[in-house]
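In the order they appear, the protein sequences are chains B and C.
Just so you know, we're using our numbering here: the first sequence kicks off at 5 and counts up by one.
Just so you know, we're using our numbering here: the second sequence kicks off at 1321 and counts up by one.
Backbone N, C-alpha and C fix where the C-beta goes; we use that ideal spot for every residue, glycine too.
Just so it is clear, the structure is predicted and the values come from calculations on it, not from any experiment.
Reviewing the structure listed below.
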Amino acid sequence: LAKTTQPISMDSYEGQEVNITCSHNNIATNDYITWYQQFPSQGPRFIIQGYKTKVTNEVASLFIPADRKSSTLSLPRVSLSDTAVYYCLVGGRHNTDKLIFGTGTRLQVFP
Amino acid sequence: DSGVTQTPKHLITATGQRVTLRCSPRSGDLSVYWYQQSLDQGLQFLIQYYNGEERAKGNILERFSAQQFPDLHSELNLSSLELGDSALYFCASSGQGNNEQFFGPGTRLTVL
């Protein structure tokens, strides 16, 4: 099973770019990497998903190196409302047995 | 609003009791997932159903069981409750594969 490791917490200031890295040394060939955002007492919300290289959407970018043993979620110009816990998820699109949430990174954005 | 509904929102019960949590997935989603989140802990995957059949199991206790009905709603049954079962229980649904899971607002269970 692909275990993931993330920093427990990170601090940033409004307007800065934040990069959160997730390590997944045992990622399998058919595993995808997905990131979710969670606010207190709310269900997680999908941010972005990728398999390799770079994926970008309207809220974030996901960088995955060639060996796929890690991934980096990049949040451009964060705001106070980005204060949340961010989870890295590794699993196959068709194999839920390997659905594993990381420990989560608590991002605190200061004014 | 994710389109996933969960009831009840809050549930307070005593040790040894049994409760049922209900989840209605997004319209058209065939997969339903259940997660447990204890205070300040990460999400623990419990179980997944796809179109009425159990698809995968995670760290689900034997005291817990789930099912998905023909109308695709799902129920999570928790029995012989212990203090440590107090947690937020989330339901999520997705369409084909695990591309994106949509989470419900959760049920907060308190066992006294």
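The shortest CA-to-CA distance from G1426 (chain C) to any of C:Y1369, C:E1382, C:C1343 and C:Q1368 is the one to C:C1343. If you draw a 10 Å sphere on the C-beta of D1391 (chain C), you find fewer than 16 other C-beta atoms in it, and that means exposed. Chain B places no beta carbon closer than 8 Å to that of Q1387 (chain C), leaving this residue out of the contacts.
Distance from the CA atom of Y91 (chain B) to the CA atom of F1389 (chain C), rounded to whole angstroms, is 30 Å. For G1415 (chain C), no Cβ of chain B is located within less than 8 Å of the residue's own Cβ. Around the beta carbon of I1332 (chain C), fewer than 16 other beta carbons lie within 10 angstroms, which makes this residue exposed. At a cut-off of 8 Å between beta carbons, F50 (chain B) contacts chain C.
Note that the region 1334–1351 of chain C touches the region 1395–1411 of chain C; at least 3 beta-carbon pairs, one per stretch, sit closer than 8 Å. Around the beta-carbon of Q1361 (chain C), fewer than 16 other beta-carbon atoms lie within 10 Å, marking it exposed. For P1345 (chain C), there are no neighbours in chain B by C-beta distance under 8 Å, as the nearest C-beta there is about 13 Å away. Proximity of L1396 (chain C) to chain B, defined by a Cβ-Cβ separation below 8 Å, is not satisfied. Proximity of Q53 (chain B) to chain C, defined by a Cβ-Cβ separation below 8 Å, is satisfied. Less than 8 Å divides the Cβ of V1431 (chain C) from the Cβ of S1406 (chain C).
A straight line joining the alpha-carbon of N34 (chain B) with that of S16 (chain B) spans about 34 Å. Chain-order list of chain C residues neighbouring F43 (chain B): empty, with the shortest C-beta distance near 11 Å, by a criterion of under 8 Å. About 7 Å separates the beta carbons of I1367 (chain C) and E1374 (chain C), which is inside the 8 Å limit, making them a contact pair. Out of B:W39, B:G47, B:G19 and B:Y40, the CA that lies nearest to the CA of R1428 (chain C) is found in B:G47. At least 8 Å separates the CB of Q112 (chain B) from every CB of chain C. Partner residues in a beta bridge of K73 (chain B), as assigned by DSSP, do not exist. For the pair L1359 (chain C) and S78 (chain B), the Cα-to-Cα distance works out to about 27 Å.
Nearest to F1422 (chain C) by C-alpha distance, out of C:H1330, C:Y1353, C:Q1357 and C:A1334, is C:Y1353.
Within the DSSP secondary-structure output, L79 (chain B) pairs in a beta bridge with B:V22.
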